[in-house]
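J.: Before anything else, here's the structure in question.
2 protein chains.
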Amino acid sequence: MTLNSTHDSRRESWVDSANRTETDFPLQNLPIGAFSSPARRGPSLGVAIGEQIVDLGALSAANLLPGRIADACCTQNINTLLALGPSAWSGLRQQLSELLGEDTCPPGPQRDRVAACLVPQSQATMLLPAAIGDYTDFYASIDHAGRVGAMFRPDQPLLPNYKWVPIGYHGRASSIIISGTDVRRPRGQAKGDAGTPHFGPSRQLDYELELAALIGPGNRLGEPVPVATAPEHLFGVLLLNDWSARDIQSWEYQPLGPFLAKSFATSISPWVVTWDALAPFRIPAAKRPAGDPAPLPHLADANDALHGGLDLHFEILLRTARMSAAGLPSRKLAEGRFATMYWTFAQLLAHHTSNGCNLRPGDLLASGTISGPEPEACGCLLELTARGTRPVTLPNGESRAFLEDGDEVVLRGWAQAAGFRRIGLGECRGTIFPARE
Amino acid sequence: MTLNSTHDSRRESWVDSANRTETDFPLQNLPIGAFSSPARRGPSLGVAIGEQIVDLGALSAANLLPGRIADACCTQNINTLLALGPSAWSGLRQQLSELLGEDTCPPGPQRDRVAACLVPQSQATMLLPAAIGDYTDFYASIDHAGRVGAMFRPDQPLLPNYKWVPIGYHGRASSIIISGTDVRRPRGQAKGDAGTPHFGPSRQLDYELELAALIGPGNRLGEPVPVATAPEHLFGVLLLNDWSARDIQSWEYQPLGPFLAKSFATSISPWVVTWDALAPFRIPAAKRPAGDPAPLPHLADANDALHGGLDLHFEILLRTARMSAAGLPSRKLAEGRFATMYWTFAQLLAHHTSNGCNLRPGDLLASGTISGPEPEACGCLLELTARGTRPVTLPNGESRAFLEDGDEVVLRGWAQAAGFRRIGLGECRGTIFPARE
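First to last, the protein sequences are chains A and B. For the first sequence, our numbering gives the first residue as 1, with consecutive numbering after it. For the second sequence, our numbering gives the first residue as 1001, with consecutive numbering after it.
Below, the structure written as structure tokens:
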């Protein structure tokens, strides 16, 4: 998709809160989510605009959306819309941009009809945007893979396959939860000091900052998606916190990979920022260091060198129960940039389908922990505290090697570039509550 | 569930083909599947009886099923019925047993009404029985784990966690296909002889004989299922072929486990044999060898020693394209027994939920490759041919290290015990067709 009027930074919305500098959701963003509210029966799809939500079901009922799109917007999740593909998505974006634009929808009956479809975000409960069939978690940050590898395999931090194969594994779809849902500390088996394992609450609970892509039309079983057309299957992105119990993980993960260390909860942010909205923020994919192998042909795309990367920024915030009680704000633990990832989403998707595996609308492909080369660009506590050996000190004197009960973790993300409105991903929030007795 | 009249081996059905000795589907079995047929609009649920299917939707429409069950049987998959739980399942079994019994449904109007709901299996196309949300694959055969481990880690075949943790990983749900669907040879990355990887058709395609349990009501996120009540969540079992590309697998699997080596296809048999039907075939779980650790308390159940195991038998059959063309029958490659598994389904389920992970109706828990200690009890070619070094010779002079295009693999399974009718699992069938150009 090329840039068009929907990306024009000069345009404002008649929804005032969308024009504030600090908003995540200006007219140029238009992310989609699912919500319920006291005034609506059942879940609806909606689009964030400033501090409001445009109810897509209501817009559709008011005949303000074109036919095929209108039907897809009257459902309780985004899956039908996902299956329609890029031209439908662009059509919806164009229409919403016009209906919400100050310039394109002047005061009058039409604006009134759209305004009647607004719901304040403060009155809405956000829900999972999609019925997620399969969730795949990759390992696309070479800095994360290298730093974690060094802890477990000092002699060989990066395994020989890393620069050839986009490493990934199947995650658990059932335990994906929406931002704001509390996360219960898992119990599990870990290796005891005496050499025998014990079962109990995890003592090394961690977060992982990730970006996830929501899949559109997908592919038929047995028919790989070429890397060049992979972006046509990417509807949009959201923030994902891949909560991880490191003590359970290190004991269970060989030889078949992480399982219960991850499957107790995975949080996602509610607003899916579309691939279209991110068009101004595509940048060349990270350049491979000299000496690294070139991607094999099925993972090589000339477009990646032009705009395979995404110039997204992230931050990770922590607030403990004591900080909260004392009225202290969250403490920023780390920052992240997506630009340093070793594999692009197009490569991840092409790899995923290269064996014929079918993706379905609503599948989720997560990047893996987003870490950079800088010491502060650590996407999880495992890295940030060097496996708990260098705890982080907090403003009130507390310290953290891993997460404790009552800790709230917030992930934030945004895109920014000269000449364009800042596009926010919103936030992904979760608080740890104690393990079951 | 205790034994009752539905298990009585003396009882026969008025559907003649159900009374033949060799049938998989006598009156005592009553497995459930989904099918379509020219005479029906859309998919229906059905129960196999001899060579016939009783259309549950039609039975329901004829008011021959009690209310709550009737509604759950009018859908296109088994998920609603799965959510109802054991008492509903037993109620359905009892009712079907009566409607199909020679003794309980004598010639007359009622029998005629049931007979009007029969569809010959030869006219039906079987479909996936459930909408499978998450598919988990375990590694519960210690003989398989040890034999495979010895190939990859001669110094340490069995990792230290094996006897403590039921090892498993998340599988791919989207590529689960019904028996009879052809399987396209996957392409993928493998380690070349020259040390650099290449991308192309897998040269080490394999099958894996597995048994999978279909999950009933499941549990809420954060609320583990105790091992003692785990069987209440097991609706029934089916055969599963976890097709595996060994060359892709050995290159990709570290550190996050198998991914594309498995996700191109997983075949399942169409008939779900209920836990109730298997009641006569429950046997003590395999006794752990002296010196092995006892299961940790959350995986220890006194019932396992009594009837945690299942006395199921399997065979794996192969027919190559040339054998087929020559009119030769399949060749039996191996036999298997479920009785030797190291972990029971109750333990697998309790482990899976021990961290709070939620199971949903329709989730699938597979056992992992079923192998025994005997050389002929190898559940995959990797073991049977010692990683391809000892090819199997076939009756027509062909040999196989791994699967070739045109090969058909059939898995069969059944339960047998003195004083009871043999209960068949049916078969799980698939033929390899060539990789995409």
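Backbone N, C-alpha and C define an ideal beta-carbon position, used for all residues, glycine too. Nothing here was measured: the structure is a model prediction, and the numbers come from that model.
Taking 8 Å as the threshold (beta carbon to beta carbon), is B:C1357 in contact with chain A?
T.: Counting from one through the second sequence, the residue named residue 1357 of chain B turns up at place 357. Using beta-carbon distances, B:C1357 counts as an interface residue toward chain A, with a partner under 8 Å.
J.: When the distance is taken between beta carbons, is A:W414 closer than 8 Å to A:D24?
T.: The residue given as residue 24 of chain A occupies position 24 in the first sequence. The residue given as residue 414 of chain A occupies position 414 in the first sequence. Contact annotation: A:D24 and A:W414 have beta-carbon atoms nearer than 8 Å.
J.: B:I1248 versus chain A: which residues are under 8 Å apart at the beta carbon?
T.: Locating residue 1248 of chain B in the second sequence gives position 248, counting from the first residue. Ordered by position in chain A, the residues that pass the 8 Å Cβ test against B:I1248 are N355.
J.: 8 Å is my cut-off, CB to CB: does B:H1170 come that close to chain A?
T.: Walking along the second sequence from the start, residue 1170 of chain B turns up at place 170. It does: the Cβ of B:H1170 has a partner Cβ on chain A nearer than 8 Å.
J.: Report the neighbours of A:G133 on chain B: residues whose CB is nearer than 8 Å to its CB, in chain order.
T.: Within the first sequence, the letter at position 133 stands for residue 133 of chain A. Within 8 Å Cβ-Cβ: G1133, A1173, S1174.
J.: Give the residues of chain A in contact with B:R1184, contact being defined as C-beta atoms less than 7 Å apart.
T.: What you label residue 1184 of chain B is simply residue 184 of the second sequence in a count that begins at 1. Within chain A, the residues near B:R1184 are G222, G356.
J.: Considering only their Cβ atoms, is the gap separating B:V1272 from B:I1078 smaller than 8 Å?
T.: Mapped onto the second sequence, residue 1078 of chain B falls at position 78. Mapped onto the second sequence, residue 1272 of chain B falls at position 272. Yes; because the gap between Cβ atoms is below 8 Å, this pair is in contact.
J.: List, in chain order, every chain A residue whose beta-carbon is nearer than 7 Å to that of B:P1258.
T.: Taking the first residue of the second sequence as 1, we reach residue 1258 of chain B at position 258. Correct list: L256.
J.: Can you list the residues of chain A that B:L1209 reaches, using a CB-CB cut of under 8 Å?
T.: Counting from 1 along the second sequence, the entry for residue 1209 of chain B is found at position 209. Chain A residues near B:L1209: none, gap ~18 Å exceeds 8 Å.
J.: Restricting to Cα atoms, I'd like to know which of A:P329, A:G216, A:V15, A:E252 is closest to B:Y1169.
T.: As a first step, residue 1169 of chain B is located in the second sequence; it is residue number 169 there, counting from the start. Closest option to B:Y1169, Cα to Cα, is A:E252.
J.: My understanding is that B:A1435 touches B:R1111, with C-beta atoms under 8 Å, so please give their C-beta distance in whole angstroms.
T.: On the second sequence, residue 1435 of chain B is found 435 positions in, with the first residue counted as 1. On the second sequence, residue 1111 of chain B is found 111 positions in, with the first residue counted as 1. The pair is not a contact, with the Cβ atoms about 52 Å apart (cut-off 8 Å).
J.: According to the neighbour-count rule (16 or more other Cβ atoms, all chains shown, within 10 Å of its Cβ), is A:S122 buried or exposed?
T.: As a working mapping, residue 122 of chain A is identified with position 122 in the first sequence. Exposed: under 16 other Cβ atoms inside 10 Å.
J.: Determine whether the Cβ of A:N161 lies closer than 8 Å to any Cβ atom of chain B.
T.: Against the first sequence, residue 161 of chain A aligns to sequence position 161. Contacts with chain B at 8 Å (Cβ-Cβ) include A:N161.
J.: Please decide whether A:R288 counts as near chain B, where near means a Cβ-Cβ distance under 8 Å.
T.: Within the first sequence, residue 288 of chain A is the residue found at index 288, counting from 1. The beta carbon of A:R288 sits no closer than 8 Å to any beta carbon of chain B.
J.: If you draw a straight line from the alpha carbon of A:A88 to that of A:L45, how long is it in whole angstroms?
T.: As a first step, residue 88 of chain A is located in the first sequence; it is residue number 88 there, counting from the start. As a first step, residue 45 of chain A is located in the first sequence; it is residue number 45 there, counting from the start. Roughly 16 Å separates the two Cα atoms.
J.: Using 8 Å for Cβ pairs, my map puts B:Q1076 next to B:A1034. What's the rounded Cβ distance?
T.: The residue labelled residue 1076 of chain B in the question sits at position 76 within the second sequence. The residue labelled residue 1034 of chain B in the question sits at position 34 within the second sequence. At roughly 7 Å, the Cβ-Cβ gap stays under 8 Å, so B:Q1076 and B:A1034 are in contact.
J.: For A:F152, which of helix, strand or coil comes out of DSSP?
T.: Position 152 of the first sequence holds residue 152 of chain A. A:F152: helix per DSSP, three-state reduction.
J.: What does A:G188 touch in chain B if you count any residue whose Cβ is under 7 Å from its own?
T.: Within the first sequence, numbered from 1, the residue matching residue 188 of chain A stands at position 188. In chain order: S1354, N1355.
J.: Hey, A:V410 and A:E383: beta-carbon distance below 8 Å or not?
T.: On the first sequence, position 410 is the one that residue 410 of chain A refers to. On the first sequence, position 383 is the one that residue 383 of chain A refers to. The answer is no: Cβ separation not under 8 Å.
J.: For B:E1335, list the residues DSSP reports as bridge partners.
T.: Residue 1335 of chain B sits at position 335 when you count from the first residue of the second sequence. According to DSSP, B:E1335 bridges with B:E1315.
J.: Would you mind listing the beta strand (DSSP E) stretches within the region 1162 to 1233 of chain B that are 3+ residues and don't spill past its ends, in chain order?
T.: Uninterrupted beta strand (DSSP E) stretches at least 3 residues long and entirely within the region 1162 to 1233 of chain B occur at 1168 to 1170, 1176 to 1178, 1187 to 1191, 1197 to 1201, 1209 to 1215, given in chain order.
J.: With a CB to CB cut of under 6 Å and the five nearest residues on each side skipped, what residues in its chain are close to B:E1408?
T.: Locating residue 1408 of chain B in the second sequence gives position 408, counting from the first residue. Closer than 6 Å at the Cβ level, and outside the excluded window around B:E1408, lie R1319, T1431.
J.: Using a threshold of 8 Å, state whether the C-beta atoms of A:E210 and A:A366 are closer than that.
T.: Position 210 of the first sequence, counted from the start, is the residue given in the question as residue 210 of chain A. Position 366 of the first sequence, counted from the start, is the residue given in the question as residue 366 of chain A. Yes, the Cβ-Cβ distance between A:E210 and A:A366 is below 8 Å.
J.: Which stretch, first to last residue, makes up the beta strand (DSSP E) that contains B:A1034?
T.: The sequence position of residue 1034 of chain B within the second sequence is 34, counting from 1. Looking at the DSSP string, the run of the beta strand (DSSP E) that includes B:A1034 is 1032 to 1036.
J.: I need the boundaries of the beta strand (DSSP E) containing A:D137, first residue and last residue.
T.: Counting from one through the first sequence, the residue named residue 137 of chain A turns up at place 137. 135 to 138 is the span of the beta strand (DSSP E), which, as asked, contains A:D137.
J.: Using beta-carbon positions only, say whether A:V237 and A:A300 come within less than 8 Å of one another.
T.: Taking the first residue of the first sequence as position 1, residue 237 of chain A is located at position 237. Taking the first residue of the first sequence as position 1, residue 300 of chain A is located at position 300. No.
J.: Quick check: B:L1221 and B:N1355, are their CB atoms within less than 8 Å of each other?
T.: Here residue 1221 of chain B refers to the residue found at position 221 when the second sequence is read from its first residue. Here residue 1355 of chain B refers to the residue found at position 355 when the second sequence is read from its first residue. No.
J.: Quick check on A:S13: does DSSP put it in helix, strand or coil?
T.: Locating residue 13 of chain A in the first sequence gives position 13, where the first residue counts as 1. The answer is strand: DSSP assigns A:S13 an E or B state.
J.: Evaluate B:F1152 with the Cβ neighbour count: other Cβ atoms within 10 Å of its Cβ, from every protein chain shown; 16 or more gives buried, anything less gives exposed.
T.: The count along the second sequence starts at 1 and reaches residue 1152 of chain B at position 152. Looking at its Cβ environment, which holds fewer than 16 other Cβ atoms inside 10 Å, B:F1152 is exposed.
J.: I'd like to know if A:V227 contacts chain B, where contact means its C-beta is closer than 8 Å to some C-beta of that chain.
T.: Counting from one through the first sequence, the residue named residue 227 of chain A turns up at place 227. No, A:V227 lies away from the interface with chain B (no Cβ there is under 8 Å from its Cβ).
J.: Can you say whether A:K262 is buried or exposed, counting buried as having 16 or more other CB atoms within 10 angstroms of its CB?
T.: Against the first sequence, residue 262 of chain A aligns to sequence position 262. It counts as buried.
J.: For the alpha helix (DSSP H) that contains B:W1089, what are its first and last residues?
T.: Along the second sequence, one-based indexing puts residue 1089 of chain B at 89. Here the alpha helix (DSSP H) through B:W1089 covers 1086 to 1100.
J.: In this structure, how does DSSP classify A:E22 when only helix, strand and coil are distinguished?
T.: Here residue 22 of chain A is taken as the residue at index 22 of the first sequence, counted from 1. Here A:E22 sits in coil by DSSP.
J.: Under 8 Å between the Cβ atoms of A:V244 and A:D304?
T.: As a first step, residue 244 of chain A must be located in the first sequence, where it is residue number 244. As a first step, residue 304 of chain A must be located in the first sequence, where it is residue number 304. For clarity, residue 244 of chain A is Ser in the given sequence; the question names Val instead. Their beta carbons are not under 8 Å apart, which means A:S244 does not touch A:D304 by this criterion.
J.: What residue from B:H1198, B:D1405, B:G1042 has the CA that sits closest to A:N161's CA?
T.: Translated into the one-based positions of the first sequence, residue 161 of chain A becomes position 161. Selected option, being the one with the closest Cα: B:H1198.
J.: Measure the CB-CB distance between B:S1097 and B:I1049 and report whether it falls below 8 Å.
T.: On the second sequence, position 97 is the one that residue 1097 of chain B refers to. On the second sequence, position 49 is the one that residue 1049 of chain B refers to. No. Outside cutoff.
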